[in-house]
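Chemist: Before I ask anything, here is the structure I am working with.
Residue numbers (the numbering used here): -5 to 153.
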């Protein structure tokens, strides 16, 4: 069986960043999938499910309510390896195109101090698995260490 594209990226060279993972065409529309890599694969500890779950709820809420990207947001969710997230947007984008959006989103998460949207038994299948303080810490760290001074090597997959 042929390896899927994401398994062909050299994770030994991959660093935290914001990458275009793939582009697909659905009808006349391009769907851009972003790899939002928050931790250094196989080097740093992975994120725990509680903080990832919290980031997922906050980011999805932020994106779907965004005045520009709300209608373009197809999906936001965690990577199985727990090193980051995938974002799917309707449109043909580069990583650089959404750096400001990601800064805004991660700042929203870093500053969030209210009840996590959808964190109830009625709204979520695992609502108790949340960790807002750690989600805020990780969002602040990613914003500061990656997004605020993002380099070319953090915008394009390693060769």
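For glycine and all other residues, C-beta sits at the position ideal for the given N, C-alpha and C. Remember, predicted model here, so these are calculated numbers, not experimental data.
(1) With burial defined as no fewer than 16 other Cβ atoms inside 10 Å of the residue's Cβ, what is the status of residue 11: buried or exposed?
(2) Could you tell me how far apart the beta carbons of residue 31 and residue 78 are, in whole angstroms, since I believe they sit closer than 8 Å?
(3) My assumption, with CB atoms under 8 Å, is that residue 111 sits in contact with residue 51. Please give the rounded CB distance.
(4) Is DSSP giving residue 31 helix, strand or coil here?
(5) In whole angstroms, give me the CA-to-CA distance for residue 29 and residue 70.
(6) Return the CA-CA distance between residue 80 and residue 0, expressed in angstroms with no decimal places.
(7) Please state whether DSSP places residue 93 in a helix, a strand or coil.
(8) Flag this pair as yes or no: are the beta carbons of residue 99 and residue 57 separated by less than 8 Å?
(9) Taking 8 Å as the threshold, find out whether the stretch 34 to 52 comes into contact with the stretch 111 to 121 through three or more Cβ pairs.
(10) What does a CB cutoff of less than 6 Å around residue 55 pick up in its chain, not counting 5 residues either side in sequence?
(11) Assuming residue 135 is part of the alpha helix (DSSP H), what are its boundary residues?
(12) Specify, as a first and last residue, the run of the alpha helix (DSSP H) that residue 53 falls within.
(13) With respect to the beta strand (DSSP E) encompassing residue 2, which residues constitute its N-terminal and C-terminal limits?
Modeler: Looking at the atomic coordinates:
(1) buried
(2) 4 Å
(3) 6 Å
(4) strand
(5) 10 Å
(6) 11 Å
(7) helix
(8) yes
(9) yes
(10) 111
(11) 126 to 139
(12) 43 to 58
(13) Per DSSP, residue 2 belongs to no beta strand (DSSP E) and is neither H nor E.
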